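Number of protein chains: 2
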Amino acid sequence: MASGAPDPVSLERADDVTTENGALLPHGEAGVRIAAALRDEILGGDYLPGERIRQQELAGRHGASRVPVREALRILESEGLVTLVTNAGSWVSRLSAQECTEMYQMREGLEPLLLRYSVPTLSDDVVDQLQQLADEMQRSADVEQFLRLDRKFHLACYSAASTIMLGDTVLRLWNRTQHYRRAYSLMFRAERDDSVHYDHQLLVAALRNRDGEDAERVLASHIRRTRLALGRHPEIFDASPRQEG
Amino acid sequence: MASGAPDPVSLERADDVTTENGALLPHGEAGVRIAAALRDEILGGDYLPGERIRQQELAGRHGASRVPVREALRILESEGLVTLVTNAGSWVSRLSAQECTEMYQMREGLEPLLLRYSVPTLSDDVVDQLQQLADEMQRSADVEQFLRLDRKFHLACYSAASTIMLGDTVLRLWNRTQHYRRAYSLMFRAERDDSVHYDHQLLVAALRNRDGEDAERVLASHIRRTRLALGRHPEIFDASPRQEG
DNA sequence: GGCTGCGGGATTGCATTCAATCATGCCTTA
DNA sequence: TAAGGCATGATTGAATGCAATCCCGCAGCC
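Sequences listed follow chains V and W, in order.
Converting from the first sequence to the working numbering requires adding 49 to each position, the first position being numbered 1.
Converting from the second sequence to the working numbering requires adding 49 to each position, the first position being numbered 1.
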């Protein structure tokens, strides 16, 4: 990794450096720390799209001043998670159905490429782990667990890729669409569609054979199918808490 | 446009708001202004990859304090143009040959998609303008002029697309690779390769016919050819001014 | 009744100031 | 002579305080 933004390493929620006691924190990373925390909150659904973010509230909660908070907001703005308006404030970004479709189309173009970077150096251990994740996902009933496993599964597919911008961009795409995946899953958890799991199983099989070409096709098809499913339910993108604070 | 970062509108160098007299500047955009200025300087070749950026120097030059400068550096870091190291400083990002190849592969996947968004609403005026740019480029001898026209040409192809993240991402890819396009053009300006111009002419023709499918293929082929050409000359990526300040 | 202007409170934007960290050169010492 | 440690200067990181801007409710007017 060299210069990209949301540090492609931390694929999981980064709950490690949460020294709430306020001591022993290194000097010089407050902005990044706050950004990471707020990012996790947004992805976890604690903040909802359209919700206002107040600098002072964040500063107080993290025991910092508003200066690093503003840095954090700039970071998240560049990732598309937060929308800043000069002299007015900042809100959690929301997506329209069209915009979400756009991101899934980007994923269709980029993730097969990222997979191509990953496959050659993908270890058997990771493939075994992917198999476990796919199986576990198939058994899981809880929506939040499914979302967590699905994210972990796909990002693990790319874990062997060492890229500087491609991985970042894909991660950003996942992050910006995370809320709407959750909304979709919550709304249609009854009518379970097994094709998702079939895709995952096929993908693991292709990866086990190190058949990158087939893996890329399965993956593109998987993303495309999800995009079409989302596109059939634009009502997910209508309701949101409050447009403005 | 909604929330993306490097404001896809300002495709050109933004030399408009440079009120050096220090008066009449609106309150609340110093960080963005400084970022825009520094971005232009990096893209223009005034700052070179590997060169150190000092906060105070920037602040003094723009008649501002270091706070908005730090904001600007965060913005440019997220665009990949600047690399920040905690407690150490900031440098203009540099690319290896591999990394540059990666970005061109991303362009191959994304720009045809962006073109697909643009073609349906592309006006005849823009097509005429593209024709002029392609012709002018073919005649131009100066490297800097060619670079400027080439950039303007390609970005104009996408000017009718209204996307929120796709356009931004493509612009970032252009920006991060800009320096190496210049280095390549400067090094091989003698042995002119007309295939670039043929591509441009074919692209304009396809756009005039509103043949999006053909335009996408020509574009992908054009980018791919450029990628391979760059890949054949890794020496471009070796020398740079100074690794550290 | 609905629109317009305005004033108080809240919130953001930036300059100043102080603290922490790092780099550099000199001095000491084996 | 060369290697290591320490002090000084330079640079970055963050807190505080003040100025500019905006949101919002209310009075006044058409």
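C-beta: ideal position from N, C-alpha, C; glycine also.
Source: prediction; values computed, not measured.
Proximal chain W residues relative to residue i, where beta-carbon distance stays under 7 Å
i	result
V:E78	T135
Collapsed DSSP secondary structure at residue i in the structure displayed
i	result
V:G93	helix
W:T150	helix
W:R281	coil
W:L107	helix
W:T135	coil
W:I272	helix
W:D287	coil
W:Y207	coil
W:I213	coil
V:P310	This structure does not reach residue 310 of chain V, given that chain V is present from 50 up to 294, and the question cannot be answered.
V:R241	coil
V:D174	helix
W:G77	coil
W:G261	helix
W:D184	helix
V:L125	helix
V:A254	helix
V:D199	helix
W:A190	coil
W:A113	coil
W:S234	helix
W:L130	coil
DSSP beta-bridge partners of residue i
i	result
V:R101	V:W140
Separation of residue j from residue i, as counted between CA atoms
i	j	result
V:L144	V:R101	15 Å
W:L182	W:P117	37 Å
W:L159	W:L215	7 Å
V:D260	V:D242	26 Å
V:L235	V:G280	16 Å
W:S114	W:Q105	8 Å
V:A210	W:V168	34 Å
W:V175	W:L92	25 Å
W:D248	W:A269	10 Å
W:T132	W:D89	16 Å
W:N136	W:A232	31 Å
W:V81	W:E120	8 Å
W:L164	W:A264	8 Å
V:F202	W:L162	26 Å
W:Y207	W:Y166	8 Å
V:Q178	V:L204	12 Å
W:H111	W:E78	12 Å
V:H246	V:E240	14 Å
V:Q154	V:R273	7 Å
W:R276	W:T150	6 Å
V:Q250	V:Q180	7 Å
V:R225	W:L256	32 Å
V:E148	V:E126	16 Å
W:D25	W:M152	The displayed coordinates of chain W run from 50 to 294. Any statement about residue 25 of chain W would go beyond what the structure contains.
V:R221	V:A146	17 Å
V:H76	V:G109	18 Å
W:V219	W:E262	19 Å
Chain W contact for residue i (CB, 7 Å cutoff)
i	result
V:T275	no
V:I213	yes
V:N70	Annotation note: pLDDT 37 at V:N70 (below 50); position unreliable, coordinate value reported separately. Chain W, which has no Cβ nearer than 7 Å to the Cβ of V:N70, makes this no.
V:Q154	yes
V:E90	no
Any C-beta of chain V under 7 Å from that of residue i
i	result
W:G158	yes
W:L97	no
W:E185	no
W:E265	no
W:L171	no
W:L164	no
W:E106	no
W:E151	yes
Under 9 Å from the C-beta of residue i: neighbouring residues of chain W
i	result
V:V298	A question about residue 298 of chain V goes unanswered here, because the residues of chain V that appear run from 50 up to 294.
V:E148	A51, T212, I213, M214
V:E100	The contacting residues do not exist; V:E100 stays about 14 Å from chain W at best.
Proximal residues of chain V, C-beta to C-beta of residue i below 9 Å
i	result
W:T226	Ordered by position in chain V, no residue passes the 9 Å Cβ test against W:T226, which lies about 10 Å from the chain.
Contacts that residue i makes with chain W (C-beta to C-beta distance below 8 Å)
i	result
V:T218	M155, T218
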